Amino acid sequence: MTGFLQNTFNGLVSGAFYALLALGLAVIFGMLRVVNFAHGAFYMLGAFGAYVLLAEAGVPFWAALVIMPVALAVVGMILERAVIHRLTRLDPLYNFLLTFGLTLILQDLVKTRYGVQSSPYATPDELSGSVDFGLFDFPTYRVFILGFAVLLCVAVWWVLTRTRIGMVVRASTERPELTRAFGIDVGRWVTPVFGFGIGLAGLAGVLAAPMRAVNPLMGADLIIVVFAVVVIGGLGSIFGSVAAGFGIGLVQAWGEAYLSEFPIVSQTIVFVVMAAVLLWRPAGLFGREEAPA
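Counting in UniProt numbering, the sequence shown runs from 1 upward without gaps.
Here it is as structure tokens:
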């Protein structure tokens, strides 16, 4: 029982990263119809930015948790206006290739400056140690990540569902054509929403820095799983992306714990789930089925 609870908690923590990244991808795809392959690179920049701020300027974790998401959100808005905006009317493949190329450029720039070795990032003193849950102890920092991610997802949900601006953004994200039909200028929300999605990726990277190795390729493998999460939840579905993120985190943790004798199965279980969902419901668990032409 104790082992199951520990594995479940680990799965929820991993799911918290998936949820934050998938949430950003969902709003970007929903409004722009852009498959942002560079999302993992911005996650990596969030972690590396926190590392550089601490190592070279002495900026602590708590300040980096604010500075890096805001800085990367601004970079994302500039990128959207300068480059991505010009390709949104074309086939989505063009923006996919653009963001894929951007990923390679960002990774190579970081590798050139800092090399390929992993860099350690110390856990904040306030979050060191462990929390006693009775049946087991769990690292305080992981408890913080889970609580922080849940609160952030709830806050984003509240803004999107309880405020006028949030409702407009949600409608523009999930049903852009219908929103335009009601006379709402979807275009004015594109740039800030893209920046918001990038900021979430950077935030996830800062949170990952004390827990995972900070290196130029840390987002490369993760982004593939996050794309699977978004597909499972439903492309453009905000709730679906968050729910699928936590769900896939649990599936992965249980698979690694109880299918360790079959490493191929435990490593590919996410994609097996994705294939099953697509066969059963091509739009994803919470996505909207497209009307036939």
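The C-beta atom is built at its ideal place from N, Cα and C for all residues, glycine as well. Keep in mind it's a predicted model, so treat the numbers as computed, not measured.
**Q.** Ser-266 (DSSP reduced to helix, strand or coil)
**A.** Helix, per DSSP.
Q: Let me know the beta strand (DSSP E) ranges lying completely inside the stretch 214-285, each 3 residues or longer, listed in chain order.
A: Listed in chain order, the beta strand (DSSP E) runs fully inside the stretch 214-285 amount to none, counting runs of at least 3 residues.
Q.
the ligand ATP and Asn-10: does any heavy atom of the ligand fall closer than 7 angstroms to the residue's C-beta?
A. Of ligands this structure carries none, so the ligand ATP is not represented either.
Q: Find out if the Cβ-Cβ distance for the pair Gly-40, Ala-220 is shorter than 8 angstroms.
A: yes
Q: Count the other C-beta atoms from every protein chain shown that fall within 10 angstroms of the C-beta of Val-66, then say buried if there are 16 or more, exposed otherwise.
A: exposed
Q: Can you say whether Phe-182 is buried or exposed, counting buried as having 16 or more other CB atoms within 10 angstroms of its CB?
A: It counts as exposed.
**Q.** CB contact flag (Gly-245, Ala-19, <8 angstroms)
**A.** yes
Q) Are the beta-carbon atoms of Ala-257 and Asn-7 separated by less than 8 angstroms? A) yes
Q | DSSP bridge partner residues for Asp-137 (one or two, in chain order) | A | Partner(s): Asp-132.
Q: Take the Cβ of Val-169 as the centre, count every other Cβ of all protein chains shown within 10 Å, and call the residue buried at 16 or more, exposed below.
A: Around the beta carbon of Val-169, 16 or more other beta carbons sit within 10 angstroms, so the residue counts as buried.
Q. According to DSSP, what are the bridge partners of Ser-14?
A. DSSP, once it has assigned bridges, lists no residue as partnering Ser-14.
Q.
Starting from Leu-127, trace the alpha helix (DSSP H) in both directions and tell me its first and last residue.
A. Neither: Leu-127 is in no alpha helix (DSSP H) and is coded neither H nor E.
Q: Could you tell me which residues DSSP puts in a beta bridge with Ser-119?
A: Val-214
(Q) Rounded to whole angstroms, what is the Cα-Cα separation between Thr-2 and Leu-151? (A) 26 angstroms
**Q.** For Gln-252 and Ser-260, the rounded distance between their alpha carbons
**A.** 11 angstroms
(Q) Measuring straight from C-alpha to C-alpha, what distance separates Gln-107 and Trp-189? (A) 29 angstroms
Q. According to DSSP, is Ile-28 helix, strand or coil?
A. helix
Q) Is the beta carbon of Gly-240 sitting closer than 8 angstroms to the one on Gly-287? A) yes
Q. Hey, Gly-233 and Gly-15: beta-carbon distance below 8 angstroms or not?
A. no
Q. Can you list, in chain order, the residues of its chain whose CB lies under 6 angstroms from that of Ser-237, leaving out five sequence neighbours each side?
A. Phe-286, Gly-287
Q | Element boundaries [alpha helix (DSSP H), containing Arg-113] | A | 92-114
Q: Determine contact between the stretch 20-31 and the stretch 222-233, defined as no fewer than three beta-carbon pairs at a distance below 8 angstroms.
A: Contact between the stretch 20-31 and the stretch 222-233 is present: three or more C-beta pairs spanning the two stretches fall below 8 angstroms.
Q: Give the C-beta separation of Gly-11 and Leu-250 to the nearest angstrom, bearing in mind that I take them to be a contact with Cβ-Cβ under 8 angstroms.
A: 4 angstroms
Q. Near Phe-29, what residues of its chain come up, given a Cβ to Cβ distance below 8 angstroms and the 5 sequence neighbours on each side ignored?
A. Within the same chain, Val-35, Asn-36, Val-230, Leu-235, Gly-236 come within 8 angstroms of Phe-29 by CB-CB distance, once the 5 residues on both sides are set aside.
Q. Ile-78 lies in the alpha helix (DSSP H); which residues open and close that run?
A. 61-82
**Q.** Run of the alpha helix (DSSP H) containing Leu-53, from where it starts to where it stops
**A.** Here the alpha helix (DSSP H) through Leu-53 covers 39-57.
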